[in-house]
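According to the numbering used here, the residues represented by the sequence shown are 1186 to 1596, in order.
Note sheet for the following structure.
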Amino acid sequence: MKAVVVGGGLAGCAAALDLVDAGHEVTLFEARPTLGGAVQTLPEREGDPSPPPDNGQHIALGCFTEYLRFLDRIGAGGSYERRPLALSVIGAGGVAAEIKPRMRALLGYRHLSLRDRLGIPLVTARLRNAEPRPGETFGVLLRRHGASDSAVELFWDVFIRPALNLRTDEADAAVGLFTVRTALLGRRSDSDVVLPSRPLGAMHGEAAARTLAGAGAVVRVGERVDDLDDVDADTIVVALPPRESARLLGEDAPQLEDSPIVSVHLLFDRELLDRPLAALLGTDAHWVFDRGALTRNPPARGQYLTVVSSGVPELMELRGRELVERVASAVTSRLGPADVVWSRVSREPYATVALRPGTASLRPGARTGRPNVVRAGAWTDTGWPATMESAVRSGRTAARLLSDVITQVAA
Ligand SMILES: Cc1cc2nc3c(=O)[nH]c(=O)nc-3n(C[C@H](O)[C@H](O)[C@H](O)COP(=O)(O)OP(=O)(O)OC[C@H]3O[C@@H](n4cnc5c(N)ncnc54)[C@H](O)[C@@H]3O)c2cc1C
1186 MKAVVVGGGL
1196 AGCAAALDLV
1206 DAGHEVTLFE
1216 ARPTLGGAVQ
1226 TLPEREGDPS
1236 PPPDNGQHIA
1246 LGCFTEYLRF
1256 LDRIGAGGSY
1266 ERRPLALSVI
1276 GAGGVAAEIK
1286 PRMRALLGYR
1296 HLSLRDRLGI
1306 PLVTARLRNA
1316 EPRPGETFGV
1326 LLRRHGASDS
1336 AVELFWDVFI
1346 RPALNLRTDE
1356 ADAAVGLFTV
1366 RTALLGRRSD
1376 SDVVLPSRPL
1386 GAMHGEAAAR
1396 TLAGAGAVVR
1406 VGERVDDLDD
1416 VDADTIVVAL
1426 PPRESARLLG
1436 EDAPQLEDSP
1446 IVSVHLLFDR
1456 ELLDRPLAAL
1466 LGTDAHWVFD
1476 RGALTRNPPA
1486 RGQYLTVVSS
1496 GVPELMELRG
1506 RELVERVASA
1516 VTSRLGPADV
1526 VWSRVSREPY
1536 ATVALRPGTA
1546 SLRPGARTGR
1556 PNVVRAGAWT
1566 DTGWPATMES
1576 AVRSGRTAAR
1586 LLSDVITQVA
1596 A
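Structure below.
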């Protein structure tokens, strides 16, 4: 059977791989010149350090089993470092504390009062049986189970914000609860932090294109599909962002808002960060990553950092220079004085959908009004937040559904 996949992000690539592995004749159309979608390396510019920056640091967790399996399938299983959860959180005056899934570490979390520290294991344990209420944010749910305002702001927000690309006080309670249960309350290895050690473009889009071509699929990059009726196929996977997906499927656009991610890449004239990553508490520079060390390519002099700000729409309005100054000063205020010798900004206004309370019903499943056309995308109803794991899962579900349709037609 002829299967066409529209959209070459992780969802489309995962669907195309499963379909070609199942023996179908697959063509993948991607509007941009490369595969990978939201997971990209920026086009190289003169003066960039090596490797050129990615569009934003991407982190996976040990519980992202389908994403990690996908990386293995495309031959990129050796392109990341996996380490047990240990998150450094640096506050005013450079005071550091660590978040680790261990009682002793939690009790030493200096950014909270002793009373609040003692409350963290208690609240976490209560989350096993917590029931989200309709319309509730995760922040409200946490407070209902005993968390203080300080614990929400200075502890829970540190990993909920990057995981959901929203503040704890904005995110849907059920999605927050899913994240904590899946990452922190399962096996210890589920909370492992998985950090790319190669540029995102090489380890995702390029590797997927090679694997798909090797398996016999046709990959057509730089080709936008404007109308599904123009597509010559028995079955189609529409693996696109929400509004484009609705347009091609002839549906009303889902009322899902977007949440942005801003990344500022900085080369400082000296070393500032003595660990691979850290959260900078109380600043717009939510997380800072040592890109030179993580890609095993440190600059000859100074330090190459990537600073990520999740879900702060105000930052989208700032001009490049202002943004660099604001983020660089947040870094130096926490890590010590240094001069910026190179910088580059990456803004992703549609990085993820904003899973606020009440949005669960706005995420459609894989089935569409047409039996031979299915939908995929991180934003669809996969049960996961809009992550790389959700994208891969959605693609695999779409491929399974189409294979079932094909089997029924053939029978
Ligand atoms: C800066 C940034 C940081 C992130 N950080 C993380 C993180 O740390 N951890 C994590 O798990 N997730 C992270 N995410 C989210 C994650 O990258 C996405 O959820 C996921 O990659 C989306 O995959 P997708 O295939 O559903 O959609 P997309 O990647 O958006 O793919 C859709 C593709 O369709 C193409 N397309 C659009 N219209 C057409 C058309 N008409 N015809 C053909 N092609 C078309 C687009 O060009 C695109 O390539 C981040 C996202 C960004 C932007």
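The beta-carbon is built from N, C-alpha and C at its ideal position, and this holds for glycine as well.
Values in this document were obtained by computation on a predicted structure and should not be read as measured data.
Asked: Contact test: P1534 Cβ vs ligand 1 heavy atom, cutoff 7 Å; Found: no
Asked: Assigned exposure category for L1451 - 16 Cβ within 10 Å defines buried; Found: buried
Asked: Start and end residues, beta strand (DSSP E) containing F1214; Found: 1210–1215
Asked: Three or more C-beta pairs below 8 Å linking the region 1514–1534 and the region 1378–1385; Found: no
Asked: T1537: CB within 7 Å of a non-hydrogen atom of ligand 1; Found: yes
Asked: Start and end residues, beta strand (DSSP E) containing A1332; Found: From DSSP, A1332 is part of no beta strand (DSSP E); its letter is neither H nor E.
Asked: Short Cβ contact (8 Å threshold) for V1447 with L1508; Found: yes
Asked: Length of the line joining the Cα atoms of L1397 and Y1252; Found: 16 Å
Asked: Any non-hydrogen atom of ligand 1 closer than 7 Å to P1426 Cβ; Found: yes
Asked: Selected residue, minimal CA-CA separation from R1486, among V1410, L1227, E1456, S1579; Found: E1456
Asked: Nearest to V1512 (by Cα), restricted to the options P1483, S1494, L1433, E1316; Found: S1494
Asked: Three-state secondary structure assigned by DSSP to L1520; Found: helix
Asked: Residues bridged to S1444 [DSSP beta-bridge criterion]; Found: T1537
Asked: Chain-order list of residues whose beta-carbon lies under 6 Å from that of V1559 (same chain, five-residue window excluded); Found: V1422, A1551, A1583, L1586, L1587
Asked: Cβ neighbour criterion (16 or more within 10 Å) applied to P1498; Found: exposed
Asked: Near ligand 1: F1255 beta-carbon under 7 Å from a heavy atom; Found: no
Asked: Neighbourhood of R1302 by C-beta distance below 7 Å, restricted to the same chain and skipping five residues each side; Found: L1291, L1292, Y1294
Asked: Distance, P1445 Cα to G1505 Cα; Found: 16 Å
Asked: Secondary structure of P1347, DSSP reduced to three states; Found: helix
Asked: The alpha helix (DSSP H) enclosing A1392, as first and last residue numbers; Found: 1392–1400
Asked: For I1591, three-class secondary structure by DSSP; Found: helix
Asked: Buried or exposed (CB count within 10 angstroms, at least 16 for buried), L1307; Found: exposed
Asked: E1574 and F1249 closer than 8 Å at C-beta; Found: yes
Asked: S1318 to L1312 span [Cα, whole Å]; Found: Looking at the sequence shown, residue 1318 is not Ser but Arg. R1318 and L1312: Cα-Cα distance of roughly 13 Å.
Asked: Run of the beta strand (DSSP E) containing Y1489, from where it starts to where it stops; Found: 1488–1495
Asked: Those runs of the alpha helix (DSSP H) which lie wholly inside the region 1242–1310 and span at least 4 residues; Found: 1250–1258, 1288–1292
Asked: Buried/exposed call for N1240, threshold 16 Cβ in 10 Å; Found: buried
Asked: Proximity winner among G1208, G1263, L1220, Q1593, relative to V1406 (alpha-carbon distances); Found: L1220
Asked: Delimiting residues of the alpha helix (DSSP H) encompassing P1427; Found: 1427–1434
Asked: Contacts around H1243, its chain only, beta-carbon distance under 7 Å, and the 5 residues preceding and following it disregarded; Found: V1224, P1381, L1385, M1573
Asked: Reduced DSSP category for A1315 - H, G, I as helix; E, B as strand; rest coil; Found: coil
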